[in-house]
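To start, the structure itself, in structure tokens.
Numbering (the working numbering), first residue to last: -7 to 395.
And the structure:
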């Protein structure tokens, strides 16, 4: 038995593993935040808590006093954890399979309180509490929406298709670099980034990155909607009926894949300009332009020629890299050349996800998160499809009989 396009039929477990590896954990039916996100992260959270307590040493204490303090803190943390497990009906040393509010509260508060008790600094304890809240939020986004799996899948795909990726990059780089090369050799650009403050430099880079993320997110939503609309006539209606969290997960997967491509282009152009600047923008030319080089410089000798790698060159290269990343992200949405090279590949990936989901829902008996109205509409459409299929089969049978 095979799926459409000749793909082998998968078991339920294989379908769920496929979704997770594609960065789509929310497509797994009965997906649980406590079990599938924080439960899977429980060992990591425990290690973070231990490290926070172990780091609560003081320069005012002797080494043996610090060692006793760390051992005492770890004993207090371990005892508190064992007590929580007993109160929750588990073995004292077990890891929870499902992490709920009590376990999350323990992770946020207890390591910080123990560290504050040992170090005597409650300000540090509050900082740890805030840091732990930030860690939980990051896990909610990165693991909950499958971004880590998506980045892993995208990186593995780039590595596995390195030749194809390099050929694409070679074809697209001239379009990306056509304006930047002219800009790179202007005196004003070098003078701007020679005198700009570090704070303004970081703010400018953050602004470009924010624009890239926003543009990619908008484009990812449009791509996902287009593929789902196209797939509605090819698979059962339930396969394209996503809940709001599932749709967000789908859009996040598409956006993360495109952002990885933008990152590759930005790194490639940044390295290109760094090498060109190192070889072509000599110390003598910098002196003519009135470029000091920033707060640091590294002399480099190449084939008997004295060159220099300095802060200004790095700033200019990074600025053009982020600019080209933004330019690339815009063209991916509007230029046919870019879409043919990259966006169509993502669309093919989405179509496969929809086909696998149609098969998966047949195994589990339909989606559990679809609204009643959607389910009713899907049932009606499915009935129509079934009737059409039956009529076609009957006609084929009559033709065979006549023959």
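Every residue gets a Cβ at the ideal spot worked out from N, C-alpha and C, and that includes glycine.
Item to complete: Report yes if the C-beta distance between residue 44 and residue 125 is below 8 Å; otherwise report no.
Response: no
Item to complete: Could you name the residues that DSSP lists as bridge partners for residue 101?
Response: DSSP output for residue 101 lists no bridge partner at all.
Worksheet item: In this structure, what does DSSP give as the bridge partners for residue 298?
Response: 293
Discussion item. Whole angstroms are fine: how far does the CA of residue 307 sit from the CA of residue 196?
Written reply: 11 Å
Item to complete: Identify whether residue 363 lies in helix, strand or coil by the three-state DSSP scheme.
Response: Confidence at residue 363 is low in this model, with a pLDDT of 37, below 50, so the placement of that residue should be treated as unreliable; the coordinate-derived value is given next. Residue state, collapsed to three classes: coil.
Worksheet item: Is residue 309 buried or exposed, if buried means 16 or more other CB atoms sit within 10 Å of its CB?
Response: buried
Practice prompt. Would you mind sorting residue 30 into buried or exposed? The rule is 16 or more other CB atoms within 10 Å of its CB.
Written response: buried
Practice prompt. With a 10 Å radius around its C-beta and 16 neighbouring C-beta atoms as the bar for buried, classify residue 244 as buried or exposed.
Written response: buried
Worksheet item: Do the segment 245 to 254 and the segment 200 to 220 meet, that is, are 3 or more Cβ pairs less than 8 Å apart?
Response: yes
Worksheet item: Does DSSP classify residue 182 as helix, strand or coil?
Response: helix
Worksheet entry | Limits of the unbroken alpha helix (DSSP H) element including residue 14 | Note, residue 14: premise wrong, no alpha helix (DSSP H); not H, not E.
Practice prompt. Spatial neighbours of residue 425 within its chain, please: CB distance less than 8 Å, with the 5 preceding and 5 following residues excluded, ordered by chain position.
Written response: Since the displayed the chain opens at -7 and closes at 395, residue 425 lies outside it and no answer follows.
Discussion item. Comparing C-alpha positions only, which one of 228, 174, 170, 271 sits nearest to residue 295?
Written reply: 271
Discussion item. Considering only their Cβ atoms, is the gap separating residue 25 from residue 136 smaller than 8 Å?
Written reply: yes
Worksheet item: Can you give the beta carbon distance from residue 74 to residue 67, rounded, assuming they're within the 8 Å contact cut?
Response: Contact flag wrong, Cβ pair sits at about 11 Å.
Worksheet item: Given a threshold of 16 other Cβ atoms within 10 Å of its Cβ, counted over all protein chains shown, does residue 93 qualify as buried or as exposed?
Response: exposed
Worksheet item: Near residue 91, what residues of its chain come up, given a Cβ to Cβ distance below 6 Å and the 5 sequence neighbours on each side ignored?
Response: 26, 30, 31, 34
Practice prompt. For my contact list, residue 182 and residue 297 are in at a C-beta cut-off of 8 Å; report their separation, rounded to the angstrom.
Written response: With a Cβ gap of about 20 Å, residue 182 and residue 297 do not count as contacting.
Worksheet entry | Contacting residues, own chain, Cβ-Cβ under 7 Å from residue 134 (five flanking each side not counted) | 140
Discussion item. If contacts are defined as beta-carbon pairs under 8 Å, then residue 18 and residue 10 qualify, I think. What distance do you get, rounded to the angstrom?
Written reply: In fact, because the Cβ distance is near 14 Å, the residues do not count as touching under 8 Å.
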